[in-house]
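Trainee: Number 345 marks the last residue of the sequence shown (the working numbering); no jumps. Glycine is no exception: its CB is placed at the ideal position from the N, C-alpha and C atoms. As the structure is a prediction and not an experimental result, all values here were calculated from the model. Have a look at this one.
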Amino acid sequence: MPQGLDVGTMNLLSARQDGNETVFVQQRNSFVEIDYSDMAEQMLSRSDVLHIRKDDRVYIVGDDALNFANIFSEETRRPMQAGILSSDEQSAIPMIKLITEQVVGQPEYPNERLFFSVPADPIDADVSTLYHQKTVESLLTDMGYSPEPINEGMAVIYSELANREFTGLGISFGAGMTNVCLSYYAVPVMKFSIARGGDWIDEQAAQATGTPVDKVTSVKEEDFALNFETDVGGIEGALSIYYDNLLDYVIENIISEVDEEDVEEGLDVPVVVTGGTSSPDGFEELFAERINDSEIPFSISDVRQAENPLYSVAQGALVAARSEEEREGQAEQPEEPDASAE
Numbered sequence: 004m005p006q007g008l009d010v011g012t013m014n015l016l017s018a019r020q021d022g023n024e025t026v027f028v029q030q031r032n033s034f035v036e037i038d039y040s041d042m043a044e045q046m047l048s049r050s051d052v053l054h055i056r057k058d059d060r061v062y063i064v065g066d067d068a069l070n071f072a073n074i075f076s077e078e079t080r081r082p083m084q085a086g087i088l089s090s091d092e093q094s095a096i097p098m099i100k101l102i103t104e105q106v107v108g109q110p111e112y113p114n115e116r117l118f119f120s121v122p123a124d125p126i127d128a129d130v131s132t133l134y135h136q137k138t139v140e141s142l143l144t145d146m147g148y149s150p151e152p153i154n155e156g157m158a159v160i161y162s163e164l165a166n167r168e169f170t171g172l173g174i175s176f177g178a179g180m181t182n183v184c185l186s187y188y189a190v191p192v193m194k195f196s197i198a199r200g201g202d203w204i205d206e207q208a209a210q211a212t213g214t215p216v217d218k219v220t221s222v223k224e225e226d227f228a229l230n231f232e233t234d235v236g237g238i239e240g241a242l243s244i245y246y247d248n249l250l251d252y253v254i255e256n257i258i259s260e261v262d263e264e265d266v267e268e269g270l271d272v273p274v275v276v277t278g279g280t281s282s283p284d285g286f287e288e289l290f291a292e293r294i295n296d297s298e299i300p301f302s303i304s305d306v307r308q309a310e311n312p313l314y315s316v317a318q319g320a321l322v323a324a325r326s327e328e329e330r331e332g333q334a335e336q337p338e339e340p341d342a343s344a345e
């Protein structure tokens with residue numbers, strides 16, 4: 004069966020169809036490094052902690068990395084930064100390879116179809132996503148898959164707007180980037196990314212409050228809500244301020260890009276927001292308020308949040324993979340003989 008893979012800065016998620024259900028597998032896209040010892044190796048193996056040893060170092064990978072970082076007051080390291088493979092992290096490729104293997108597993112048959120998400124080039128940073136795309140594609144090919152990239156914003160459209168003929172504005176608020184795609188009947192009219200996301204919020208809040216970034220991330224992921232009733236001097240107050248700033252920044256860039264692309268003003272489209280950064284309670288209401296108050300040059304019929312924001316991109320990649328497999332299967336079917344020619 005085909006798969007969808009969300010290659011995110013914070014998490015890697017796969018989606019696979021199992022009967023009538025979609026099965027998701029998730030791992031945090033991070034690792035922490037500790038000194039090797041026989042005792043540490045035995046304890047990690049006994050506790051089923053995902054790790055690898057290299058020389059005299061042990062790398063704890065995935066969900067367990069954040070737990071270890073918080074216990075030892077260390078910062079986790081990331082194979083990816085700002086939505087793409089980190090050029091500053093020498094262990095980026097082996098680490099993301101290990102995490103990807105845990106998330107997608109081995110293909111069920113040779114050249115199993117797998118669509119994986121890639122961001123668009125950001126409009127506010129001099130960054131190319133090509134190296135990242137080709138590296139991930141090569142890793143998946145080596146694993147035995149037949150991989151195909153899909154724009155992250157378009158994956159949101161596939162996942163959330165099937166009942167609207169795949170027409171609308173899909174916005175994925177990820178950790179490293181925010182991806183935006185405007186689609187008209189499954190044809191992307193406009194797609195771009197912005198080099199700010201959840202990591203930017205965490206870093207700004209950490210700097211403002213003098214708190215380690217991983218601690219800020221943990222607070223945001225536990226029970227943080229965008230209600231603007233928290234103490235401004237605390238972590239949650241700082242998070243609220245920078246969330247508000249990010250939304251204004253994203254909307255400003257949407258308006259700017261719509262003007263540049265000369266998008267038809269008569270459009271009346273739904274907007275769907277998704278991604279892990281959009282998970283806090285109150286995000287949907289705040290974004291709807293901000294975008295409805297903006298001077299965006301087309302009509303918005305409604306604004307809603309994906310039912311499962313963290314899984315939406317992987318789900319959309321799976322929809323695209325299944326659609327492509329069905330199309331290829333139909334193309335391979337032999338034509339029916341023409342009875343009139345007999």
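Who are the near neighbours of E345 in its chain, counting only those whose CB is closer than 7 Å to its CB and skipping five residues on each side?
Mentor: Start at 1 with the first residue of the sequence shown, and residue 345 comes out as number 342. For E345, the predicted structure reports a pLDDT of 47, less than 50, and the residue's modelled location is therefore unreliable. The matter cannot be settled from this model.
Trainee: Please classify M157: does DSSP put it in a helix, a strand, or coil?
Mentor: Indexing the sequence shown from 1 puts residue 157 at position 154. Three-state DSSP puts M157 in a helix.
Trainee: I need the DSSP call for N114, collapsed to helix, strand or coil.
Mentor: The sequence position of residue 114 within the sequence shown is 111, counting from 1. In this structure, N114 counts as coil in the three-state DSSP scheme.
Trainee: Which same chain residues, not among the five before or five after D271, have their C-beta less than 8 Å away from its C-beta?
Mentor: As a working note, residue 271 is residue 268 in the sequence shown. Cβ neighbours of D271 beyond the five flanking positions: F301, S302, I303 and S304.
Trainee: So, at 8 Å on beta carbons, what are the nonlocal neighbours of R60 in its own chain, with the 5 sequence-adjacent residues on each side left out?
Mentor: To locate residue 60, count along the sequence shown from 1; it is residue 57. The residues are E36, I37, D38 and Y39.
Trainee: CA-CA distance, E224 and D284?
Mentor: Within the sequence shown, residue 224 is the residue found at index 221, counting from 1. Within the sequence shown, residue 284 is the residue found at index 281, counting from 1. Their backbone Cα atoms lie some 11 Å apart in a straight line.
Trainee: Look at I126 and E298 and say whether their C-beta atoms are less than 8 Å apart.
Mentor: Numbered from its first residue, the sequence shown carries residue 126 at position 123. Numbered from its first residue, the sequence shown carries residue 298 at position 295. Not closer than 8 Å, so no.
Trainee: Going by DSSP in three states, P283 sits in which element: helix, strand or coil?
Mentor: Counting from one through the sequence shown, the residue named residue 283 turns up at place 280. Reduced to three states, the DSSP call for P283 is coil.
Trainee: Are at least three pairs of beta-carbons, each pair with one atom in the stretch 163 to 171 and one in the stretch 144 to 154, less than 8 Å apart?
Mentor: Look at the beta carbons and you see the stretch 163 to 171 not touching the stretch 144 to 154: under three pairs across the two are nearer than 8 Å.
Trainee: Tell me the DSSP bridge mates of F227?
Mentor: By one-based count along the sequence shown, residue 227 stands at place 224. DSSP output for F227 lists no bridge partner at all.
Trainee: Measuring straight from C-alpha to C-alpha, what distance separates A241 and Y62?
Mentor: Walking along the sequence shown from the start, residue 241 turns up at place 238. Walking along the sequence shown from the start, residue 62 turns up at place 59. Going from the Cα of A241 to the Cα of Y62 covers about 32 Å.
Trainee: Does the distance from the CB of A228 to the CB of G201 come in under 8 Å?
Mentor: By 1-based counting over the sequence shown, the position of residue 228 is 225. By 1-based counting over the sequence shown, the position of residue 201 is 198. With respect to the 8 Å criterion, A228 and G201 are not classified as neighbours on the basis of their beta carbons.
Trainee: Taking contact to mean 3 or more Cβ pairs, one atom from each stretch, closer than 8 Å, check whether the stretch 208 to 226 and the stretch 185 to 196 are in contact.
Mentor: no
Trainee: Which of the three DSSP states, helix, strand or coil, is assigned to E345?
Mentor: Counted from its first residue, the sequence shown places residue 345 at position 342. Below a pLDDT of 50, predicted positions are generally treated as unreliable, and E345, at 47, falls in that range; no measurement from the model is reported.
Trainee: What is the residue span of the alpha helix (DSSP H) that S201 lies within?
Mentor: As a first step, residue 201 is located in the sequence shown; it is residue number 198 there, counting from the start. Looking at the sequence shown, residue 201 is not Ser but Gly. G201 to T212 is the span of the alpha helix (DSSP H), which, as asked, contains G201.
Trainee: Does Y112 pass the burial test, meaning 16 or more other C-beta atoms within 10 Å, or should it be called exposed?
Mentor: What you label residue 112 is simply residue 109 of the sequence shown in a count that begins at 1. The residue is exposed, with fewer than 16 neighbouring Cβ atoms inside 10 Å.
Trainee: Under three-state DSSP, which class holds R49?
Mentor: As a position in the sequence shown, residue 49 is number 46, starting the count at 1. R49 falls in the helix class under three-state DSSP.
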